[in-house]
Every structure is written in structure tokens, then in C-alpha cells.
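Heads up: the sequence shown begins at 160 in my numbering, then just goes up one per residue. Cβ coordinates follow ideal geometry from the N, Cα and C atoms, glycine included. Since the structure is predicted, the reported quantities are computational estimates derived from the model, not experimental observations. Encoded as C-alpha cells, the structure appears first; notes follow it.
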Amino acid sequence: MPPRFLPRLVNDPYDDPGLFVPFQFARRALLFDLGDNARLSPRDVLKISHVFVTHTHMDHFVGFDRLLRCCLGREKELFLFGPPGFIGNVEGKLAGYTWDLVERFSARLRLHLTELRPEGRIHCACECRQRFRPGAKSASLPVEGPLHAEPEFQVSAVLLRHSTPCLGFALTERFGVNILKTELEALGLPPGRWLSRFKAALYAGTDPGEEIETDSGPGGSSRRFGLGELSGRIARITAGQKIAYVTDVCDTPENRSAILALARDADLLFIEAAFLDRDRDQAAAKHHLTARQAGEIAALAGARRFTLFHFSPRYEGRQAEILAEAQQAYEETIGRSGG
């Protein structure tokens with residue numbers, strides 16, 4: 160069965176960072192970082208429900224305006240998360256425009272903002288038809304625990320150090336529910352929306368004795384099954400995906416420790432490699448990772464695969480060299496650890 164999440168970088172490795180994560184079989188997506196997103200179609204942009212921003216340097220935040228423009232005049236709840244100062248950054252963006260026409264909109268666009276600080280989280284919301292006037296801010300503690308959680312998955316974050324506070328993220332699916340088509344056919348059950356209800360019941364931990372009603376089949380009538388019985392017949396439960404996203408960090412012991420905890424056993428780690436290791440002094444001065452450091456971190460985290468991005472333009476045309484350096488470091492580190 161195909162995975163639930165289908166992550167892809169928005170741009171090539173030399174351009175603005177951004178990770179687009181659409182859901183399989185659903186018109187929904189998550190977005191990590193808000194750099195230039197012109198390569199996303201308006202249809203893809205409108206799938207985005209939650210945005211997770213590492214920090215608000217321009218190459219990670221300039222795409223906010225296009226995201227907002229695509230959503231204007233639409234019925235939508237958009238959730239955005241970022242590091243210390245994030246709410247003020249969004250309010251500054253919104254304050255730069257004149258909103259005298261938005262009262263005409265019949266649709267309700269609402270932004271929900273969450274700022275992660277060392278001491279806790281700050282929340283607020285603002286609405287388009289109210290000219291995006293800043294809402295009252297509320298605080299929540301503690302900082303530990305998922306930044307965002309749903310029955311099927313959660314997104315965790317850690318505070319890291321760049322030249323400014325920066326967030327790293329991990330998207331973790333609780334478990335996978337793979338529907339066995341042959342078993343569906345053997346039972347004479349049709350595919351359809353009832354399978355979404357079935358999966359939702361599994362994620363919610365519903366009593367196995369609870370009945371699930373199918374859609375109408377070829378015979379023209381629906382059928383009822385106990386959740387546990389049906390699960391044993393038509394579903395295969397598998398380990399969920401884990402995808403981590405780390406960029407714009409310096410290689411310090413504190414950052415490494417936090418990244419390794421965040422990305423532990425990731426199926427796929429997206430990690431920056433701004434410099435080659437021969438330029439590690441410049442990487443340190445600019446608070447970025449080298450390709451070798453990225454490969455080492457991926458190996459130490461136990462990541463099954465890793466994808467590099469955010470290359471310095473000085474290495475234009477040398478992508479193979481960057482990839483080779485990281486892969487060599489990954490393999491050497493695994494070899495030293497006996498993996």
C-alpha cells in the first residue's frame with residue numbers, strides 16, 4: 160500500500176527551503192517553511208491546512224503572501240506555527256496591506272497562530288472579515304508534547320539555534336491502516352467513504368465491539384460488522400511514517416542532541432547541507448551545517464533515508480559532490496557504530 164504522506168521539496172536544493180506534504184487519497188497537505196512557493200499550483204496551495212515555519216528569515220517566510228492571497232475569499236481555517244516572535248512577524252505582514260474591501264466577503268478565512276517559546280506557547284487568532292485585527296493572546300504550558308496532534312498523526316518541534324531561534328520538526332503517523340482489496344472483494348464490500356469512518360474509528364481507539372456500517376453494495380443495502388471483526392478481515396496495521404525536517408542550524412552539541420532526539424528512527428530526514436566540509440569554518444560562522452555534518456547526523460539519528468537541500472549557490476553545478484560527501488559520512492558513521 161502507498162504511504163499516507165507523500166513529501167516533496169517545493170524547490171530545487173539551491174532555492175528557498177520548503178517541504179510540501181500532501182495526504183494520499185485526501186485533498187489536504189502540510190507545509191514546512193514558507194519560502195518562495197511559486198512552484199506549487201494554486202490547487203496545491205489550497206490543500207494546505209497547517210504550516211510549520213522554522214524561522215522568519217526571508218527565504219523561509221516570503222511565501223506567506225502568496226499563501227494568504229490564494230486563500231482570500233475562501234472558507235478556510237489555516238493554522239500556522241513558528242518560533243519566538245512569530246506572531247509579531249505575521250501581524251507585521253498583515254499590517255502591510257489595506258483591508259477595506261474584506262467585509263464584502265461571504266466566506267470566513269481565519270488564521271490560527273502559535274508561537275513556540277522556551278517557556279511555553281502563545282496562541283492567537285485573526286479573521287479576514289475583521290481586517291485581520293490581532294486577537295487576544297493566550298498562553299499555554301508546558302512546551303513539551305506535540306506542537307500539533309490529531310488522531311492519525313502528530314507534529315513535534317524542538318527549539319534549535321541558528322543566528323536566531325529556529326525550529327526543527329518531525330511528523331509522526333501513529334500507525335498505518337492498509338485496506339486489503341482482495342478481502343473487501345471476498346466479503347462483497349464496496350470501497351467508499353465508509354472506509355474513512357472505519358479508519359477513524361481505529362485511530363480513535365473505538366471499542367472493538369462497536370458496529371461499523373458499510374456503504375450500500377451491489378445488493379443495494381449496507382451491512383454491519385463489529386469493528387474488531389472487520390479490522391481482522393480487511394485491514395493490515397503497519398508502523399506509521401516518520402518524517403523529520405531540519406534546516407538552518409549550527410553544529411553545536413546542544414543542537415545535535417536536540418536533532419537526534421527529534422529525528423530518531425525517521426523513515427526520511429530532510430536536512431540542510433549548506434556547505435561542503437572543507438568550508439566548515441564558514442558554515443559555523445553562518446550557523447549552517449556542512450554536507451558531512453548532515454550525513455553524520457542522519458546516521459546517528461538512525462534515519463533510514465535522508466534528503467539534502469538548502470545548498471549555498473557557491474556550489475552551483477556541484478550537487479553530486481555535496482551528495483557524495485554526505486553519503487560517505489552517513490555510511491562511515493553507521494560503520495563505526497556497528498549498524
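query	result
Beta-carbon proximity check, Glu250 vs Pro181, cutoff 9 angstroms	no
Between the CA atoms of Ala460 and Pro324 - distance to the nearest angstrom	22 angstroms
Per DSSP, the bridge partner or partners of Arg464	Leu427
Classification of Gln400 by the beta-carbon crowding that lies within 10 angstroms, buried from 16 upward	buried
Close-in-space but distant-in-sequence residues of the same chain around Thr411 (CB under 8 angstroms, 5 per side omitted)	Arg320
Chain B within 9 angstroms of Thr323, Cβ atoms only	The chain inventory of the structure shown lacks chain B, comprising one protein chain alone.
Enclosing beta strand (DSSP E) for Val517 [first to last residue]	A question about residue 517 goes unanswered here, because the residues of the chain that appear run from 160 up to 498.
C-beta contact flag for Val169 and Leu190 at 9 angstroms	yes
Alpha-carbon spacing of Ile396 relative to Thr341, whole angstroms	16 angstroms
Through-space distance from Pro350 to Ile338, alpha-carbon basis	10 angstroms
Contact set for Glu311: own chain, Cβ-Cβ below 7 angstroms, skip 5 residues either direction	Glu332, Arg333 and Tyr362
Bounding residues of the beta strand (DSSP E) (the contiguous stretch that carries Arg181)	Here the sequence assigns Pro to residue 181, which means Arg is not the residue at that position. Counting along the chain, the beta strand (DSSP E) containing Pro181 begins and ends at Leu178 to Pro181.
Test item: CB-CB of Leu231 and Ile207 under 9 angstroms	no
Where Arg395 sits in the DSSP three-state scheme	strand
As assigned by DSSP and simplified to three states, the class of Thr257	coil
Ala363 - DSSP class collapsed to helix/strand/coil	coil
Proximity of Ala450 and Ala422 at Cβ, strictly below 9 angstroms	no
DSSP-derived helix/strand/coil call for Lys358	helix
Between the CA atoms of Glu236 and Leu270 - distance to the nearest angstrom	6 angstroms
Cα-Cα separation between Arg352 and Ala359, rounded to whole angstroms	11 angstroms
Three-state class that DSSP yields for Phe434 in the structure shown	strand
Residue range of the beta strand (DSSP E) that includes Pro324	Pro324 to Glu332
Residue interval of the alpha helix (DSSP H) (run including Val204)	Pro201 to Lys206
Runs of beta strand (DSSP E) wholly within the segment 190–253 (minimum 3 residues, chain order)	207–211 and 235–241
Rounded C-alpha distance that separates Tyr489 from Ser380	56 angstroms
Between the CA atoms of Phe291 and Val261 - distance to the nearest angstrom	10 angstroms
Leu205 beta carbon less than 9 angstroms from that of Ile246	no
Neighbourhood of Ser499 by C-beta, 8 angstroms cutoff - its chain only, sequence neighbours within 5 removed	This structure cannot speak to residue 499, because the chain is shown only from 160 to 498.
Rounded Cβ spacing between Val314 and His307 (contact assumed at less than 8 angstroms)	5 angstroms
Distance CB(Tyr404)-CB(Ala329) smaller than 9 angstroms	yes
Beta-carbon separation (whole angstroms), Leu386 vs Ile371, contact threshold 8 angstroms	5 angstroms
Ala163 - partner residues in DSSP beta bridges	Per the sequence presented here, residue 163 reads as Arg, with Ala not at that position. Partner(s): none; Arg163 has no beta bridge.
DSSP-derived helix/strand/coil call for Glu286	strand
Bounding residues of the beta strand (DSSP E) (the contiguous stretch that carries Ala266)	Where Ala266 is concerned, there is no enclosing beta strand (DSSP E), given that its DSSP letter is neither H nor E.
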